[in-house]
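Residue numbers for the sequence shown follow the working numbering, so the first one is 1 and each next one is one higher.
Worksheet for the structure shown next.
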Amino acid sequence: MGLEKKYKNPFVTVDIIIELDDGIVLIERANPPHGWALPGGFVDYGESLEVAAIREAKEETSLDIQLAEQFHTYSKPERDPRHHTVTTVFIAKASGFPKAADDAKNLGVFTKNNLPVRMAFDHGRIINDYFRYKDGEEKREILF
1 MGLEKKYKNP FVTVDIIIEL DDGIVLIERA NPPHGWALPG GFVDYGESLE
51 VAAIREAKEE TSLDIQLAEQ FHTYSKPERD PRHHTVTTVF IAKASGFPKA
101 ADDAKNLGVF TKNNLPVRMA FDHGRIINDY FRYKDGEEKR EILF
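This is the structure in structure tokens:
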């Protein structure tokens with residue numbers, strides 16, 4: 001019949017800013033692209049963003065989290081050097097002791113004053129946006 005169209009769509013991901021009493025949880029990635037990152041990953045088919053965020057947090061940090069709010073969706077095509085991803089970032093609360101698991105090589109708890117230098121993806125920007133928001137700036141002033 002006619003020409004078959006092939007669609008190329010971005011991948012849907014989630015990232016989670018996990019707040020603990022002494023900072024936020026970051027993972028050091030075991031797989032490329034290397035560097036420090038927010039816990040997160042790809043949303044599975046048939047899975048909601050919220051369920052994916054809870055699952056990814058548990059897989060990478062061994063923490064059970066409670067989602068507090070949806071922070072923002074980041075979608076610049078170059079944000080992931082592997083392919084175009086669209087991520088929705090959640091802010092979550094957790095208690096306990098995080099432990100690196102799954103594709104996390106290492107894990108740390110950081111404040112805005114001691115962040116790692118080598119960040120993966122656009123997570124440096126996301127974390128900067130988050131700390132500005134926590135310092136009282138309105139989302140519309142930070143994100144748009």
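Yeah, the Cβ is synthetic: ideal placement off N, Cα and C, and Gly gets one too.
query                                                                                                                                                                               : result
Are the region 6–14 and the region 25–32 in contact at 8 Å, needing three or more beta carbon pairs?                                                                                : no
What would DSSP say about Met1, mapped onto helix, strand or coil?                                                                                                                  : Here the model assigns Met1 a pLDDT of 49, short of 50, so the residue's position is not dependable, and the following value carries that caveat. Coil, per DSSP.
Short of 7 Å in beta carbon distance, which residues of its chain neighbour Ile142, apart from the five on each side in sequence? Order them along the chain.                       : Asp129, Arg132 and Tyr133
I want to know whether the region 43–55 touches the region 78–85 - three or more CB-CB distances under 8 Å.                                                                         : no
Could you name the residues of the same chain whose beta carbon sits closer than 8 Å to that of Gln66, not counting the 5 residues immediately before and after it, in chain order? : Ala92, Lys93 and Ala94
Measuring only the C-alpha atoms, how far is Met1 from Thr13?                                                                                                                       : Reliability fails at Met1, whose pLDDT of 49 lies under 50, so the model's placement of it is uncertain and the value that follows must be treated cautiously. The alpha-carbon atoms of Met1 and Thr13 are separated by roughly 36 Å.
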